[in-house]
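There are 2 protein chains.
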Amino acid sequence: VLDLVDVTKVYGDGDAVVRALDGVSLTVNTGDYLAIMGASGSGKSTLMNIIGALDIATAGQYHLDGIDINTLDEDALSIVRNRKIGFIFQSFNLIPRTTALANVELPLAYRGVKRGERRDRAKAALTAVGLSDRMHHRPNELSGGQQQRVAVARALVAQPSLLLADEPTGNLDSRATADVLKLLDQMHDEGRTIVMITHENDVAQHADRVIVLKDGRIDEDRLNR
Amino acid sequence: VLDLVDVTKVYGDGDAVVRALDGVSLTVNTGDYLAIMGASGSGKSTLMNIIGALDIATAGQYHLDGIDINTLDEDALSIVRNRKIGFIFQSFNLIPRTTALANVELPLAYRGVKRGERRDRAKAALTAVGLSDRMHHRPNELSGGQQQRVAVARALVAQPSLLLADEPTGNLDSRATADVLKLLDQMHDEGRTIVMITHENDVAQHADRVIVLKDGRIDEDRLNR
Ligand SMILES: Nc1ncnc2c1ncn2[C@@H]1O[C@H](COP(=O)(O)OP(=O)(O)OP(=O)(O)O)[C@@H](O)[C@H]1O
Ligand SMILES: Nc1ncnc2c1ncn2[C@@H]1O[C@H](COP(=O)(O)OP(=O)(O)OP(=O)(O)O)[C@@H](O)[C@H]1O
Ligand SMILES: [Mg+2]
Ligand SMILES: [Mg+2]
């Protein structure tokens with residue numbers, strides 16, 4: 001369960017202050033499928049980074065499965081992230097000069113999965129996103145949408161209990177988008193919690209619940225079904 | 226005028242060969258507004274890089290305004306690019322640790338525009354994409370869609386005769402997308418040539434002509450109006 005109370009995030013100081021989040025309260029239960037929408041610059045990625053324990057709020061409370069995230073140091077935060085969370089970044093964040101296969105194996109290596117099983121599971125994840133013939137390509141040898149799909153495969157391969165996806169289909173055509181959404185629907189059917197940022201209405205339609213951010217606040221909160 | 230005849234682009238060798246473009250012939254006349262669509266990995270960005278003289282074809286002919294691009298060396302290519310072409314990259318390619326304003330001033334600096342005029346025109350371009358209050362932010366202090374809009378402003382500010390836009394709205398909400406498309410429509414009304422890659426049908430609708438790539442070839446070529 002994710003429990004945010006009155007979370008605020010401020011960047012900069014003086015007259016260059018940016019209040020990226022301005023008092024956000026949100027509860028997400030295990031197994032929920034939540035979509036976050038909102039205009040460019042409204043605070044979606046900032047909220048996602050706080051939910052994913054990649055960033056600390058300036059004010060407010062955040063508990064993830066009962067753990068008070070604000071009290072953890074960097075080592076403890078990275079353990080929480082690696083154990084529980086799969087992250088699809090808006091800018092992919094693949095490791096350069098490293099093959100697609102090695103990129104997808106990485107979360108499994110962190111979890112101590114043996115080499116043979118790691119390789120098989122990474123290959124299966126890349127096949128699921130349609131990239132079985134690009135396993136040995138490095139990021140600069142892949143198209144934009146192919147890099148995005150490697151990032152999707154990397155986030156799913158370790159079967160995380162919480163999946164955070166920031167614009168997972170922004171660079172994909174309708175066929176590749178449908179493949180990625182099918183994988184997320186499967187994760188949801190397996191009882192995993194999904195929080196996904198998107199600016200596309202038909203992608204948000206796959207979630208059970210949609211919140212809309214505006215200027216760092218929740219402006220709308222509606223159920224899809 | 227852009228004139229491609231039987232252009233092929235091959236990456237790699239042996240059994241790792243990728244035929245990203247496989248005999249593409251295309252003519253674009255001055256003032257045309259062309260959209261390029263196609264599945265992820267179908268060769269769109271590769272074609273754009275060749276049109277933009279950022280990459281050389283493996284085989285085939287390419288003439289830009291009568292100049293045989295294949296005969297130019299790197300210095301001559303960069304002069305052609307800076308003089309004639311504005312480029313919006315799929316991955317933005319902004320200069321890190323450099324403000325939005327300085328990023329947008331750069332094409333004008335290359336063209337020898339004086340400091341005061343450069344600053345005024347860059348500010349106007351950033352205001353046109355809705356970022357007048359983010360001029361002094363560096364790329365890592367901007368949201369994904371804001372970075373994309375800085376890349377749009379940078380491509381438009383020098384009033385290029387040819388604008389190449391690779392997925393210019395992938396990270397933008399409907400409002401910011403409408404702002405960017407309005408700017409492209411204005412460029413088109415001024416008689417500039419626009420080639421735009423997109424996977425969104427309603428964005429492609431703004432062009433006069435749409436080609437669809439499939440596995441490195443033109444699979445469809447239709448007029449929009
Ligand atoms: N440097 C490279 N080495 C090997 N293969 C490459 C290289 N660059 C691109 N490719 C391959 O060439 C094909 C075309 O890539 P391209 O970037 O043109 O696709 P695209 O249509 O722009 O896709 P997207 O919509 O995902 O951006 C892809 O299958 C890609 O894997
Ligand atoms: N490091 C930073 N320093 C200053 N301002 C920042 C920083 N990071 C983000 N911001 C600002 O905070 C606001 C929220 O950014 P955020 O990345 O959360 O937006 P977003 O909703 O994800 O937008 P997009 O849809 O464009 O990706 C933006 O206006 C941005 O300029
Ligand atoms: Mg974002
Ligand atoms: Mg591309």
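Residue numbers (the numbering used here), protein chains in the order written: chain A, 1 to 225; chain B, 226 to 450. No residue lacks a Cβ here, since even glycine has one placed at the ideal position from N, Cα and C.
CA-to-CA distance, residue j to residue i, given in whole angstroms
i      : j      : result
A:R154 : B:E342 : 47 Å
A:S42  : A:L163 : 21 Å
A:Y11  : A:Q90  : 19 Å
B:D345 : B:V375 : 15 Å
A:K214 : B:M421 : 30 Å
A:Q147 : A:N140 : 9 Å
A:D208 : A:D166 : 17 Å
A:D15  : B:D240 : 58 Å
B:R306 : B:A278 : 7 Å
B:L302 : B:M273 : 15 Å
B:N449 : B:D414 : 16 Å
A:R83  : A:L4   : 20 Å
B:N254 : B:I276 : 13 Å
B:R417 : B:S386 : 5 Å
B:Y287 : A:A39  : 40 Å
A:T46  : B:T271 : 33 Å
A:I36  : A:D219 : 11 Å
B:N426 : B:L319 : 27 Å
Residue-chain proximity (residue i, chain B), Cβ-Cβ < 8 Å
i      : result
A:R97  : no
A:E141 : yes
Contact with chain A by residue i, beta-carbon distance below 8 Å
i      : result
B:L397 : yes
B:Q384 : no
B:S316 : yes
B:G239 : no
B:Y287 : no
B:Y335 : no
B:D370 : Per the sequence presented here, residue 370 of chain B reads as Gly, with Asp not at that position. Cβ-Cβ to chain A under 8 Å: yes for B:G370.
Residues bridged to residue i [DSSP beta-bridge criterion]
i      : result
B:L408 : Partner(s): none; B:L408 has no beta bridge.
A:M196 : A:A35, A:A165
B:T323 : In DSSP, B:T323 forms no bridge with anything.
B:G237 : Answer by DSSP bridge pairing: none, since B:G237 is not bridged.
A:Q146 : Bridge partners of A:Q146: none, in fact.
A:Y62  : A:L4
B:K439 : B:R442
Any non-hydrogen atom of ligand 5 within 7 Å of residue i CB
i      : result
B:D398 : Absence of ligand 5 is noted for the structure shown, with ligand 1, ligand 2, ligand 3 and ligand 4 being the only ligands found.
Beta carbon of residue i nearer than 8 Å to that of residue j
i      : j      : result
A:A22  : A:R217 : In the sequence as presented, Ala is not what sits at residue 22 of chain A; that position holds Asp. Yes; because the gap between Cβ atoms is below 8 Å, this pair is in contact.
B:H362 : B:T323 : no
A:D221 : A:H206 : no
A:L172 : A:G145 : yes
A:V260 : A:T169 : Summary: the structure shown does not reach residue 260 of chain A, with chain A confined to residues 1 through 225, and so no result is reported for it.
B:V338 : B:V354 : no
B:A282 : B:T252 : no
B:L227 : B:L297 : no
A:M135 : A:L126 : yes
A:V203 : A:T177 : yes
A:A122 : A:L131 : no
B:D231 : B:S250 : yes
Selection of the region 426-447 of chain B by Cβ proximity to chain A, strictly under 8 Å
Sequence-ordered contacts of the region 426-447 of chain B with chain A are nonexistent [C-beta pairs closer than 8 Å].
Selection of the region 257-284 of chain B by Cβ proximity to chain A, strictly under 9 Å
M262, G263, A264, S265, G266, S267, G268, K269, S270, T271
What are the residues in the region 167-193 of chain A lying within 7 Å of chain B by C-beta distance?
E167, G170, N171, L172, D173, R175, A176
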